[in-house]
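Visitor:
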Amino acid sequence: IQDLDGGFFEKFGSLLRQKSIHDEEKMVTPLAPLPEVAEEAVALEARFLGEEGENDSGNETLHDTDSEPEDAEVKSLEFVEDAVGWNLEELYEEILYETLHNIGAEIETSQTSLFSYIQDAFKISEARHEELLEAAKTKEAPEIRLNVEVIEAKDLVPKDPNGLSDPFVTMYLATVPTHRYNTSVKAETLNPRWEEHFSLPITDDANENILVVEVWDFDPAETVREKMNKIFDVKGVRGLRKLMKEIAVTASNGKHDNELIGKANIPLKSIPASGLVLWYNLDKKNRLKSRGLIKIRLSFSSEKNNRVAAQEHRHLLRILLLHELETSKVAPYWWSGKFTDKGESVLTQHTAQSGLSLMDVSLVEWSVYAGIHVEHPLAFSLFDKLLDRVIRPIQSEAISVEEVKLFWDATKKLLPSCFAIIRKLRKKTAGDKNCVKTLMEVLNILSKIAMLEPPEGTDLFPVQQYGWMKNNTDKANWDIRGALKDAVMAGADDWFNTINDDAECQRGTDEAKLQHIIKLIQLIRSDLQRAIEYYDKVFQETMKFHYARTLYSFYESKLAEYVEPIVEEISKNLKRIDIPSDETVKLETHQEINMGTTLFELYLVLKRFAVLGTALDPGETSYKIANYHNWFTAGVTHWLDISVLKALTRIEKAIELDQLVPVDDSVKYSSSAVDTLAIFYQIKIFWQQLAWPDVEGAYMFVGKIVDDICRCCVFYADKMSERVEGLGDFQNVYEKKFEVTREWCLAINNIDYIRQSLPPFVKELGVDEIVAQLGDCRSPMEAQRCAETLKNVIDNAVDTEKNKILELVETVARKMSPMMRRFLAEGAELLHQDSNSLDRLMMYLEESLKTLNMELNDVNFDRILDAIWTELSNVLYDLIQSNLDKRRPPSFFSNLRDALQMMIQNFKCTKKCETSDRDVLNNIEQLLELHGFETADLIHQYYLDRLKEQQVIRETPYGQLTVRCMFKNLVLEIEVMNARNLRPMDTNGSCDPFVRIHFLPEEKFAGIVKPRTNSQSKTLFPLFDEKFVISLSPEQKAMKNAIIMFSVKDKDLFGMSNQYIAESYLSFGEIEEAGNVGGVPEQLHLPLSRPFNLDTDCIRALEYRIGDKQAKEFLKKLKQKINNQA
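Just so you know, we're using the UniProt record's numbering here: the sequence shown kicks off at 1 and counts up by one.
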């Protein structure tokens, strides 16, 4: 069945949804925009990278030059001179001079190798090198100073009696012991902190000199009395002994000498040119036992002009870095500030001998590295670390105006590469650690720069260099965060234009356009997925910038602008499908199925894209893409037209292929019902995936879906009825009959299964929720009206299907009718005779009911029984009427009743015996019973009916008769006591009543005298008080349906023509035995009534007996009674 339309519904169901998700998951891969077409992906990547004009992947190395060595040397020299911009040889000579007078710890690199390194870096010829070196040697040695910061000491040996000391530091150079420098005294502590600075001039060879650092305990001048007052501060025996000694010395000579705690000898050659901070051990007289530790910061400096020194260092740093980049051939974005040992040594010596501070060096490095970064990109981590060192002094305005300008000029050179990284994130492998690390470093740089405010008039983003910025003008602009947003959007715009080949798309077919848009959205979603997974957190943590949200905002606007006109145009051009209302018309095939499928696939892709926006920014309501569903209104309508056409075609094919056997042993329906519901399920999946956001549009579409589903249900019922038409008809030379088959039962069950599935299916479509939302959107009254409209559509379909089921059921019953008629007719004729035909007819009925009971579900079996009873009723009525007209004897109707009883017994053998038409059959059975009675029995039945009528009388215009009756063995005692409110019969308004007693049926009481009371004159309340004793035979007494009729009459003056007043009845079954009443029977008040209705079953049965004298006389007397009362 799926092959019939190429799996149309399956494409729109779960398979299409899974395909859409799978495609988008495959898109979320590094640099693989179209993974299903590898060559296209590679071409797309190359195209995107080629448009950028540069490669910043970070994986390539510098290429070797193809120039001749001499040309390369000349060009390199020119390049160095251009970089320095002043007399290169003067700087070269200065560096040689500093190398000759190297200070600090010895380095492993020899002086000769350093000269060679410097010569290569400066591109100086050998001859010129020798000349400049000789000139450097003739210069006087530089004036070097040793900078010392005494920071702190700890764990000092106590010298005072209280277990503490009052330490201070004395320092001097070993060559000048008389020139000493002292710190302040820190009272009563073994862990003093000074943080005091000193600058010691070095006059002799620095490498041979030693810095001596001594820590002393200060002992103030005190009298004996003052020292005695410290007795309470003494700590331990040793402290007491020390105090006693001090007191003795003071008392003898009054001296107070400071005591040495410990000292440290620091060779100057152990101090590197870059300086150091170190803990030194204190000892005394070369003893190994430690007497404490002291922390000192040491560095060298000179008295050179700071600006000149910074300028020299800037040029030197640029020359050495260019040299190392050239020789090492390091990849772009790779060099992170690490020089070779020789380069590091040269720079350190220049820093030390020029007296440059860490801040000075950091600013120089920021300026030089940013300039070189333009031509040869360096690692962003280098700039990130440098900013940590310079940002605080800039914020606190601790540097000069010239230095601030230098910083921002360098920053302007660095920023383009930072924003280039952001714009070209898609060139990097998604999830690559280096990529994320680089991005984090770039954002850290931007974040720190954004914290600074440049001088007024600074323009960080000139128009000619930042043409991609939005709304960029010639006015000064230093908004880092605004530029970041523009960079993100510019990168997204580049990517969008790269993946969107609009010219090629416009030249393609509508199907190709839709496929192109789907791929475009999937690529964009892939880009957003990478942004969410790898980059968004970095942007938010560093810049408080919602990267993914910004990308989505840009993409959704571009997509809405691009996709909307294409989709609306394609939807408008879709050919309308006309589905014939006449189900007999052959369904046509349509060729726009793929178009509808692709259109719906695009809808799903856009829906998931819109949901992504809600997740990224739940509060945003201005997204243009949010109205994507409105573009597809015509397309969805077209698809629903296609779907109903395909559904009808599939249903027709499913019924054609249906073998009409249960799909398994547990159910009673066949394959076509399952196939039909599978179609409905796929339509439900389509609707659920559609998830139309607009409630009014949702109601319109769900209404159409419900109407189409109902139409399919009715179509299925019609086609299934046609499928079984003619099945079961059998004919041979002996007879023509209809056999109830499984196919008929399954056809009925199938239609009922579809019918029962319709209401819950509609509920699963979410109709109730849509109506509720409609009430919120419009009004409850409008929602109620819409709900009633849908309910009417569903109810009409359910009723139509039910009618079709009933029609099939009635058809089965009608086809069984001839056999039932034949059985009843032959049964009436041959019931008590041996007849093979009766056996065959009984077998037919038994087999038919057995098949119906086994194959139909319970509800449909009840329906078929109802239909059979109805048909049986029609057959019986027809048989009774036709045979009454033929004046058939009572025996015929009696036999017909017995035949009916056999049929009913056959029905009772099944599981179901109670039906809605049972009352009708009971009436027919009673009718047959009446026509089967002999005339006397029929007359007695009339009196029995009169007795029943009397039992329900509550009020009567004819009065009341009071009697007492009792059985004494075979004797019946009847006492007629009185009558009340009799009807006046005479002109005087009174009457002369008497009572005549009749025993019915009369032929059973032929020998019994009919007792009569005396007449009472002129009264309506006669008092009779007459008692009659009647002897009965045992058979007569045993007749429980025997009746006593009390006939009240008005005596004529001459006794010739007594007038009939009324009558009442009493059955033998109501009369008590003497032993049960204690000898006095209870008074019975019998209402008096007259016959008035000739339209009863008994009367009509008697009237049909035209030739029966007894019936004729009875009817004559009865009519006289009725006429007399008129």
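Beta carbons are placed, not taken as given, at the ideal position from N, Cα and C, and that holds for glycine. Owing to the predicted nature of the structure, the values given are computational and were not obtained by experimental measurement.
Could you spell out the range, first to last residue, of the beta strand (DSSP E) harbouring valine 963?
Guide: The residue labelled residue 963 in the question sits at position 963 within the sequence shown. Valine 963 -> beta strand (DSSP E) spans 960 to 968.
Visitor: Measuring only the C-alpha atoms, how far is proline 1081 from isoleucine 1071?
Guide: Counted from its first residue, the sequence shown places residue 1081 at position 1081. Counted from its first residue, the sequence shown places residue 1071 at position 1071. Rounded to whole angstroms, proline 1081 to isoleucine 1071 spans 9 Å at the Cα level.
Visitor: Classify glutamine 349: buried if its beta carbon has 16 or more other beta carbons within 10 angstroms, exposed otherwise.
Guide: For the purposes of this step, residue 349 is identified with residue 349 of the sequence shown, where counting begins at 1. Per the 10 Å Cβ criterion, buried.
Visitor: Looking only at C-alpha atoms, which of Tyr181, Pro267, Lys245, Glu246 sits nearest to valine 215?
Guide: To locate residue 215, count along the sequence shown from 1; it is residue 215. Minimum Cα distance to valine 215 is reached at Tyr181.
Visitor: Opposite methionine 489 in the DSSP bridges: which residues?
Guide: Walking along the sequence shown from the start, residue 489 turns up at place 489. Answer is none; methionine 489 lacks a bridge partner.
Visitor: Considering just the uninterrupted stretch of the alpha helix (DSSP H) at histidine 546, what are its terminal residues?
Guide: The residue you call residue 546 lines up with position 546 of the sequence shown. That residue, histidine 546, is in no alpha helix (DSSP H); it is neither H nor E in DSSP.
Visitor: Could you tell me the boundaries of the alpha helix (DSSP H) in which asparagine 750 lies?
Guide: Position 750 of the sequence shown, counted from the first residue, corresponds to residue 750. First-last of the alpha helix (DSSP H) with asparagine 750: 742 to 764.
Visitor: Measuring alpha carbon to alpha carbon, tell me which of Pro161, Tyr681, Asp658 ends up nearest alanine 747.
Guide: As a position in the sequence shown, residue 747 is number 747, starting the count at 1. Measuring from the Cα of alanine 747, the nearest candidate turns out to be Asp658.
Visitor: Can you pull the DSSP bridge partners for residue 1141?
Guide: Only positions 1 to 1126 of the chain appear in this structure, which leaves residue 1141 out of reach.
Visitor: Quick one: what does DSSP say tryptophan 478 is sitting in, helix, strand or coil?
Guide: Against the sequence shown, residue 478 aligns to sequence position 478. Coil at tryptophan 478, not helix or strand.
Visitor: In three-state DSSP terms, what is glycine 262?
Guide: Along the sequence shown, one-based indexing puts residue 262 at 262. Glycine 262 falls in the strand class under three-state DSSP.
Visitor: Apart from the five residues on each side of it in sequence, which residues of its chain come closer than 7 Å, Cβ to Cβ, to leucine 616?
Guide: Position 616 of the sequence shown, counted from the start, is the residue given in the question as residue 616. Closer than 7 Å at Cβ, skipping near neighbours: Ala548, Arg549, Tyr552.
Visitor: So, using beta-carbon positions, are alanine 310 and serine 367 closer together than 7 Å?
Guide: In the sequence shown, counting from the first residue as 1, residue 310 sits at position 310. In the sequence shown, counting from the first residue as 1, residue 367 sits at position 367. The answer is no: Cβ separation not under 7 Å.
Visitor: Measuring only the C-alpha atoms, how far is alanine 370 from aspartate 494?
Guide: Position 370 of the sequence shown holds residue 370. Position 494 of the sequence shown holds residue 494. If I take the Cα positions, the gap works out to 26 Å.
Visitor: Under a three-way DSSP split, which group does asparagine 207 fall into?
Guide: The residue given as residue 207 occupies position 207 in the sequence shown. Helix at asparagine 207.
Visitor: Residue range of the alpha helix (DSSP H) that threonine 178 falls in?
Guide: Residue numbering aside, residue 178 sits at position 178 when the sequence shown is read from its first letter. First-last for threonine 178: 176 to 182, but that is the beta strand (DSSP E), not the alpha helix (DSSP H).
Visitor: Is it the case that the Cβ atoms of arginine 389 and serine 362 are separated by a distance below 7 Å?
Guide: Start at 1 with the first residue of the sequence shown, and residue 389 comes out as number 389. Start at 1 with the first residue of the sequence shown, and residue 362 comes out as number 362. Yes, they are a contact pair.
Visitor: Should residue 1130 go down as buried or exposed, given a rule of 16 or more other Cβ atoms within 10 Å for buried?
Guide: Outside the shown range of the chain (1 to 1126) lies residue 1130, about which nothing can therefore be said.
Visitor: Using 7 Å as the threshold, is the C-beta distance between valine 740 and leucine 824 below it?
Guide: Within the sequence shown, numbered from 1, the residue matching residue 740 stands at position 740. Within the sequence shown, numbered from 1, the residue matching residue 824 stands at position 824. No, the pair does not count as a contact, with Cβ atoms beyond the cut-off.
Visitor: According to DSSP, is aspartate 217 part of a helix, a strand, or is it coil?
Guide: Numbered from 1 along the sequence shown, position 217 holds the residue referred to as residue 217. Note: aspartate 217 maps to strand in three-state DSSP.
Visitor: Near aspartate 155, what residues of its chain come up, given a Cβ to Cβ distance below 8 Å and the 5 sequence neighbours on each side ignored?
Guide: In the sequence shown, the residue the question calls residue 155 occupies position 155. Answer for aspartate 155: Leu190, Asn191, Ser290, Gly292, Leu293, listed in chain order.
Visitor: Leucine 690: which of Gly163, Pro220, Glu743, His629 sits nearest, CA to CA?
Guide: Reading the sequence shown from its first residue, position 690 is the one you call residue 690. Here the closest residue by C-alpha is His629.
Visitor: Can you tell me where the alpha helix (DSSP H) with phenylalanine 680 in it begins and where it stops?
Guide: Mapped onto the sequence shown, residue 680 falls at position 680. Where phenylalanine 680 is concerned, the enclosing alpha helix (DSSP H) stretches over 671 to 690.
Visitor: May I have the straight-line CA-CA distance separating asparagine 258 from glutamate 188, to the nearest angstrom?
Guide: If you number the sequence shown from 1, residue 258 lands on position 258. If you number the sequence shown from 1, residue 188 lands on position 188. Their Cα atoms are separated by approximately 14 Å.
Visitor: DSSP on tyrosine 172, reduced to helix/strand/coil?
Guide: Counted from its first residue, the sequence shown places residue 172 at position 172. Correct three-state label for tyrosine 172: strand.
Visitor: Taking asparagine 749 and tyrosine 669 to be in contact with their CB atoms under 8 Å, please state how far apart those CB atoms are, rounded to whole angstroms.
Guide: One-based indexing of the sequence shown puts residue 749 at position 749. One-based indexing of the sequence shown puts residue 669 at position 669. So it is a contact: roughly 5 Å between Cβ atoms.
Visitor: To the nearest angstrom, how far is it from the Cα of leucine 146 to the Cα of leucine 278?
Guide: Counted from its first residue, the sequence shown places residue 146 at position 146. Counted from its first residue, the sequence shown places residue 278 at position 278. Between leucine 146 and leucine 278, the C-alpha separation is close to 15 Å.
Visitor: What is the DSSP secondary structure of glycine 58, reduced to helix, strand or coil?
Guide: Within the sequence shown, residue 58 is the residue found at index 58, counting from 1. Any reading at glycine 58 must be qualified, since the residue scores a pLDDT of 34, below 50, and its modelled position is unreliable; no value is offered.
Visitor: Determine the burial state of histidine 179: buried for a count of at least 16 other Cβ atoms within 10 Å of its Cβ, exposed for fewer.
Guide: The residue given as residue 179 occupies position 179 in the sequence shown. Looking at its Cβ environment, which holds fewer than 16 other Cβ atoms inside 10 Å, histidine 179 is exposed.
Visitor: Just grab the DSSP bridge partners of serine 1017 for me.
Guide: Position 1017 of the sequence shown holds residue 1017. Answer by DSSP bridge pairing: none, since serine 1017 is not bridged.
Visitor: Unbroken beta strand (DSSP E) runs of length 3 or more, entirely within the region 594 to 645: which are they?
Guide: Segments of the beta strand (DSSP E) lying fully in the region 594 to 645: there are none.
Visitor: Going by DSSP, what residues sit across from arginine 241 in a beta bridge?
Guide: In the sequence shown, residue 241 corresponds to position 241, counting from 1. Its beta-bridge partners do not exist; DSSP assigns none.
Visitor: Beta strand (DSSP E) containing proline 201: first to last residue?
Guide: Numbered from its first residue, the sequence shown carries residue 201 at position 201. 193 to 202 is the span of the beta strand (DSSP E), which, as asked, contains proline 201.
Visitor: Span of the beta strand (DSSP E) holding glutamate 973?
Guide: Numbered from its first residue, the sequence shown carries residue 973 at position 973. Unbroken beta strand (DSSP E) run through glutamate 973: 971 to 980.
Visitor: Quick check on leucine 288: does DSSP put it in helix, strand or coil?
Guide: As a position in the sequence shown, residue 288 is number 288, starting the count at 1. Reduced to three states, the DSSP call for leucine 288 is coil.
Visitor: Put tyrosine 466 into one of helix, strand or coil per three-state DSSP.
Guide: The sequence position of residue 466 within the sequence shown is 466, counting from 1. In the structure shown, tyrosine 466 sits in coil (DSSP, three-state: anything other than H, G, I, E or B).
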